[in-house]
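Okay, so here's the structure we're looking at.
Residue numbers (this note's numbering): 44 to 522.
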């Protein structure tokens, strides 16, 4: 059930969420003739029971009709109305909202400039130019040359393209691959596939703050059989930034090809591939306000690369297939917006919001632990554990209250085992299972941050009461 629990008290014209009034959205747009409460209940379904004060508790699911959480009240005009609970989105490491400027830039390429960029007529040339401009923006974001950027369908494709290319190139000469214990599944699973066919995969550990053990990495690179390494730039769960510059220098000393999954770093922190000598770098647009379904890889000029997809020779033969023009344009515009934000230090405000949330949670809730390095991290992520709170239960309560967070990687949602990232950091299983990833964007306001803290406080209190065996009645965060 994705709706919200509310209290209907006889004689009340309206009712409130968390003790304060919220914006009303009436049903006129959906039902022009209006609906009284009984009809609304018929449409959305109702479960009720009585408490000691003889109040009816009504549970209604509005998501199929309105696309949001809400609840029903009776009003003076007897029309059913939807009292909206403001949704607070704090899961920006899973995906980000598409920036309005990105949407605006994309729209002409769905209807007006729909032509194939490989065509020879003028309209096709116009589309080609748009792709070239987008490529230039992505290149500028990471300090690359335009010809070093190849567009892909997503970050997972980017990682797979690079790793499978490297496996084909170096598999004939070497048998060792180096990666990290905290990598995303889009790297871990291709490495597992390599292991299945005979590669040795060396997985380097991290310290208690979630940072790569450079000593382990250096030792692994010393083996003559090592062909290439793949390490993430910033962790998707904790936001911890890895020592990529140092790792690159070690790899270069041993003539080892180096790939970085920079999906959670690009657009959040300054990156300049002229200064950090990575050979390959993966990008995913939907992590920085471009749409889902578009990514890119950086291929340093002169590196060997074998295409995963062959066909018409698009992307200079490195990734064939008719280009997804509108999404490429969107990625380019998002790259421009993020580059300007980084240059003007606009992301500092995101970090201020994050730090404010962490401070309040630490001061106002007992048994809070902040996980990961405080010094080396992207500005967008807080990773928090709550003693005596099972994370999955907390997630459900927060979802019902309109706060969207996660317990870890969105790609691992629903898995029962604790996060491999936290296990690698030496965090206990109990603490790992009590953790939330709270991730911000430039769209997150201070008001939303403060409201999220209040809802988290109530959810933690309720869950601890339930898990402690106290009799508290229905588990609701709207008391």
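Just so it is clear, CB atoms sit at the ideal spot from N, CA and C, and this is done for glycine as well.
How should residue 398 be labelled, buried or exposed, when 16 other C-beta atoms within 10 angstroms of its C-beta is the threshold for buried? exposed
Start-to-end residues for the beta strand (DSSP E) that takes in residue 325: Counted as a single uninterrupted DSSP element, the beta strand (DSSP E) harbouring residue 325 occupies residues 323–327.
Are the CB atoms of residue 145 and residue 160 nearer to each other than 9 Å? no
Identify which residue in 487, 437 and 303 has its Cα closest to the Cα of residue 503. 437
Beta-carbon separation (whole angstroms), residue 448 vs residue 479, contact threshold 8 Å: About 5 Å separates the two Cβ atoms, so the contact holds.
Counting pairs of Cβ atoms below 8 Å between the region 295–304 and the region 201–211, do you hit three or more? yes
Three-state secondary structure (DSSP) at residue 219? In this structure, residue 219 counts as strand in the three-state DSSP scheme.
Using a 10 Å radius around the Cβ and a threshold of 16 neighbouring Cβ atoms, would you call residue 213 buried or exposed? With 16 or more other Cβ atoms within 10 Å, it is buried.
Whole angstroms is fine: what's the gap from residue 290's alpha carbon to residue 463's? One C-alpha to the other measures close to 22 Å.
DSSP-derived helix/strand/coil call for residue 75: Confidence at residue 75 is low in this model, with a pLDDT of 39, below 50, so the placement of that residue should be treated as unreliable; the coordinate-derived value is given next. Looking at residue 75 - three-state DSSP - the assignment turns out to be coil, as it is neither helix nor strand.
I think residue 282 touches residue 403, with their Cβ atoms under 8 Å apart; what is that distance to the nearest whole Å? Actually they are not in contact, since the Cβ atoms of residue 282 and residue 403 sit about 18 Å apart, beyond 8 Å.
Buried or exposed, going by whether 16 or more other CB atoms sit within 10 Å of the CB of residue 341? buried
In this structure, does DSSP put residue 152 in helix, strand or coil? helix
Could you check where the beta strand (DSSP E) with residue 272 kicks off and where it finishes? 269–275
Suppose you measure from the CA of residue 130 to the CA of residue 406; what does that come to, to the nearest Å? 24 Å
Leaving aside the five residues before and after residue 97 along the sequence, list all residues of the same chain whose C-beta is less than 6 Å from its C-beta, in chain order. With a pLDDT of 35 at residue 97, under the threshold of 50, the modelled position of this residue cannot be trusted; read the value that follows with caution. Hits under 6 Å: none found.
Can you tell me the Cα-Cα spacing of residue 155 and residue 177, whole angstroms? Between residue 155 and residue 177, the C-alpha separation is close to 18 Å.
Would you kindly work out how many angstroms separate the C-alpha atoms of residue 332 and residue 142, rounded to a whole number? 5 Å
Within the same chain, show all residues whose beta-carbon is closer than 7 Å to that of residue 187, passing over the 5 residues directly before and after it, in chain order. 316 and 341
How long is the line joining the alpha carbons of residue 242 and residue 271, rounded to whole angstroms? 11 Å
Tell whether a beta-carbon distance below 9 Å holds between residue 350 and residue 204. yes
In this structure, what does DSSP give as the bridge partners for residue 132? 447
Note down, in chain order, each residue of its chain lying with its Cβ closer than 7 Å to the Cβ of residue 259, except the 5 sequence neighbours on either side. Shown here for residue 259: same chain residues with a beta carbon closer than 7 Å to its own, the five before and five after excluded, namely 247 and 248 in chain order.
Less than 7 Å between C-beta atoms, sequence neighbours within five positions excluded: which residues of the same chain meet that for residue 199? Once the five neighbours on either side are set aside, the close Cβ partners of residue 199 are 229.
In angstroms, rounded to a whole number, what distance separates the CA positions of residue 368 and residue 139? 20 Å
What three-state label does DSSP hand residue 428 in the structure shown? strand
The region 357–365 in contact with the region 387–394 per 3-pair CB rule at 8 Å: no
Residue 386 to residue 380, Cα distance in whole Å? CA-CA distance, residue 386 to residue 380, rounds to 10 Å.
Near residue 311, what residues of its chain come up, given a Cβ to Cβ distance below 6 Å and the 5 sequence neighbours on each side ignored? 421 and 423.
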